[in-house]
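Position one of the sequence shown corresponds to residue 1 (my numbering), numbered consecutively onward. Down below is the structure, laid out as structure tokens.
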Amino acid sequence: MIKPFVVFNQDQNNFSITYYVNDQKKQDYLNSLWKTFNIYDPALAQNIQILCRPTNPNMEVTVEHYLPPGAPAGKYRVETFVPSKHSNSRKAIFTITQNVKDAGGSKNEDYAMVVVDLSELHDVWYSLGEYYFDPAGGREIGRVRQYDLSLEDPPMESSYGPVRWIPLFGQGKYHRYDAPVGSKQEREAPFPTGKFIYGRYPIWVGNWFDANPFLSWYIYGYHTGADLNLPGSSAADKGKEIYAIGDGKVTYAGRAGTWGNIIVIAHPEAKVTLPNGTTRKQAVYSRYGHVDNHILVKTGQEVQRGQLLGFIGLAANAVSGWHLHFDVCYTDLLAKRPAHWPNLDAIRAIRYSNPERDSRSHSSAQLNIMKEVISNYVDPLKFIRDNH
Ligand SMILES: [Zn+2]
């Protein structure tokens, strides 16, 4: 496995800022416009420094991140980190240098230009595209240059890096996980999209959004996973394909009470963040709920990442609308009890015996349900983001 190459904004060897002004006072002024702050990135499990500045119509500043020395030739996906604050320009301009030609002693760069609307992106690694780089062709190969050129009036703000290059060659040597829905292209794109719909529901891939994010409280208790939907009518996702998130073995496929049909897959290894914040590599189980009757896999079958498992159906007696319930369990609970749902008795008591919402028994029942969820399930969005 070849690890991604990351260039942080403190990396003197592979990061540079250029001011295109001769006047020192002007340069000092341009320099004073930077905002710097740190953000914790769960994908890298560390704090990263973010640089932001107002957009400018004059192209007086450029920022460059260079692909570090030692990177092998091959295809890479180039990504920049976009924070949720101080970054709302709709026209952030990047160039990615793919080739350098020496034409009669002067260098010509062959680059791709990408314009990004930063205003919709929130704390996410955003793809600037996939490119073939052969670093033997020159130091500039793979370089990401960002300009402050923008005609936005009044000025907005743009974020600048860090930048990472993810090798797309030599794959399959490690375990990778994708979303269970969406087209192949959408599932293989950076995850999540960093966008929200209806103001609050995270978009996973394409237009798929989670209507009940992990640990949201609703009539069936604290949610153990995600309810993946397409925008529009409740039937917008009816019959849509469900895919295995990673390589593994089916431990259950079939009928499961009020769920309708479910599929559970055991995956041999993935990065898991435990409730106490520690991370480790271990086996996990993924569960796909409300699958229609045309199930394409059997209990005991080996499956591969991206394999078609079945199609979105309804819960038994159609107690809920069309959607895929998807969750990830880090204990062997779903191997033993594939249809598990936390503390059903407590939920029924809360729903039917009508205790006061602020009573002590109500809150202690809620607390027990919460404990049962977090001691078995992880946030599936975070899980896929950390293993994508
Ligand atoms: Zn659900």
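From the three backbone atoms N, C-alpha and C, an ideal C-beta is built for every residue, glycine too.
#1: Buried or exposed, going by whether 16 or more other CB atoms sit within 10 Å of the CB of Arg139?
#2: Quick check: is any heavy atom of ligand 1 less than 7 Å from the C-beta of Gly225?
#3: When you measure from the CB of His294 to every non-hydrogen atom of ligand 1, does any distance come out below 7 Å?
#4: For ligand 1, is there a heavy atom less than 7 Å away from the beta-carbon of Asn261?
#5: Reducing DSSP to helix, strand and coil, say where Pro167 ends up.
#6: Can you tell me whether Glu157 is buried or exposed? The criterion is at least 16 other CB atoms within 10 Å of its CB, across all chains shown.
#7: Using a Cβ distance threshold of 8 Å, determine whether the region 330–347 contacts the region 240–248, with at least three qualifying pairs required.
#8: Do Arg287 and Val264 have their beta-carbon atoms positioned less than 8 Å apart in this structure?
#9: DSSP three-state call for Tyr29: helix, strand or coil?
#10: Following a CB-centred definition, is Asn317 positioned closer than 7 Å to any heavy atom of ligand 3?
#11: Distance check for His86 and Arg53, CA to CA, integer angstroms please.
#12: In terms of residue numbering, what span does the beta strand (DSSP E) encompassing Leu308 cover?
#13: Quick check on DSSP: helix, strand or coil for Ile384?
#14: Report the rounded CA-to-CA distance for Pro135 versus Leu296, giving the unit in angstroms.
#15: With respect to 7 Å, is the separation between the Cβ of Asn212 and the closest non-hydrogen atom of ligand 1 below this value?
#16: Taking the beta carbon of His294 as the centre, do at least 16 other beta carbons fall within 10 Å, making it buried, or is it exposed?
#17: For the beta strand (DSSP E) that Val116 lies in, which residues bound it at each end?
#18: With DSSP collapsed to three states, give me the class of Gly74.
#19: Asp227: buried (16+ other C-beta within 10 angstroms of its C-beta) or exposed?
#20: What separation, rounded to the nearest whole angstrom, lies between the Cα atoms of Asn317 and Phe191?
#21: Less than 8 Å between the beta carbons of Val328 and Gly225, yes or no?
#22: Can you name, in chain order, every residue of its own chain whose Cβ lies under 6 Å from the Cβ of Gly63, other than the five neighbours on each side?
#23: Using only CA atoms, which one of Phe8, Ile312, Thr331 lies nearest to Trp322?
#24: What is the residue span of the alpha helix (DSSP H) that Asn369 lies within?
Taking the definition as stated:
#1: Residue numbering aside, residue 139 sits at position 139 when the sequence shown is read from its first letter. Exposed.
#2: Locating residue 225 in the sequence shown gives position 225, counting from the first residue. Yes, the Cβ of Gly225 comes within 7 Å of a heavy atom of ligand 1.
#3: Indexing the sequence shown from 1 puts residue 294 at position 294. Incorrect: His294 has no Cβ contact closer than 7 Å to ligand 1.
#4: As a first step, residue 261 is located in the sequence shown; it is residue number 261 there, counting from the start. No, since every heavy atom of ligand 1 falls outside the 7 Å radius drawn around the Cβ of Asn261.
#5: Within the sequence shown, numbered from 1, the residue matching residue 167 stands at position 167. The answer is strand: DSSP assigns Pro167 an E or B state.
#6: Reading the sequence shown from its first residue, position 157 is the one you call residue 157. Classification for Glu157: buried.
#7: no
#8: Counted from its first residue, the sequence shown places residue 264 at position 264. Counted from its first residue, the sequence shown places residue 287 at position 287. It is a contact, given that the beta carbons lie within the stated cut-off.
#9: Within the sequence shown, numbered from 1, the residue matching residue 29 stands at position 29. In the structure shown, Tyr29 sits in a helix (DSSP, three-state: H, G or I).
#10: Absence of ligand 3 is noted for the structure shown, with ligand 1 being the only ligands found.
#11: Position 53 of the sequence shown holds residue 53. Position 86 of the sequence shown holds residue 86. If I take the Cα positions, the gap works out to 8 Å.
#12: Along the sequence shown, read from residue 1 onward, the residue named residue 308 stands at position 308. Note, Leu308: beta strand (DSSP E), 308–311.
#13: Here residue 384 refers to the residue found at position 384 of the sequence shown. In this structure, Ile384 counts as helix in the three-state DSSP scheme.
#14: If you number the sequence shown from 1, residue 135 lands on position 135. If you number the sequence shown from 1, residue 296 lands on position 296. Answer to the nearest angstrom: the Cα atoms are 44 Å apart.
#15: For the purposes of this step, residue 212 is identified with residue 212 of the sequence shown, where counting begins at 1. Yes, since a heavy atom of ligand 1 falls inside the 7 Å radius drawn around the Cβ of Asn212.
#16: The sequence position of residue 294 within the sequence shown is 294, counting from 1. Burial call: exposed.
#17: Counting from one through the sequence shown, the residue named residue 116 turns up at place 116. Taken as a continuous stretch (DSSP letters only), the beta strand (DSSP E) holding Val116 covers 106–116.
#18: For the purposes of this step, residue 74 is identified with residue 74 of the sequence shown, where counting begins at 1. The answer is strand: DSSP assigns Gly74 an E or B state.
#19: In the sequence shown, residue 227 corresponds to position 227, counting from 1. Buried is the call here.
#20: Residue numbering aside, residue 317 sits at position 317 when the sequence shown is read from its first letter. Residue numbering aside, residue 191 sits at position 191 when the sequence shown is read from its first letter. Approximately 34 Å, taken between the alpha carbons.
#21: Sequence index remark: in the sequence shown, residue 328 carries index 328 (1-based). Sequence index remark: in the sequence shown, residue 225 carries index 225 (1-based). It is a contact, given that the beta carbons lie within the stated cut-off.
#22: Stepping through the sequence shown from its first residue, residue 63 is reached at position 63. A small correction: the amino acid at residue 63 is Val; Gly does not occupy that position in the sequence shown. The residues are Ile17, Gln146, Tyr160.
#23: As a working mapping, residue 322 is identified with position 322 in the sequence shown. Ranking Phe8, Ile312, Thr331 by Cα distance to Trp322 puts Ile312 first.
#24: Position 369 of the sequence shown, counted from the first residue, corresponds to residue 369. Note that residue 369 corresponds to Ile in the displayed sequence, not to Asn. Start and end: 360–374.
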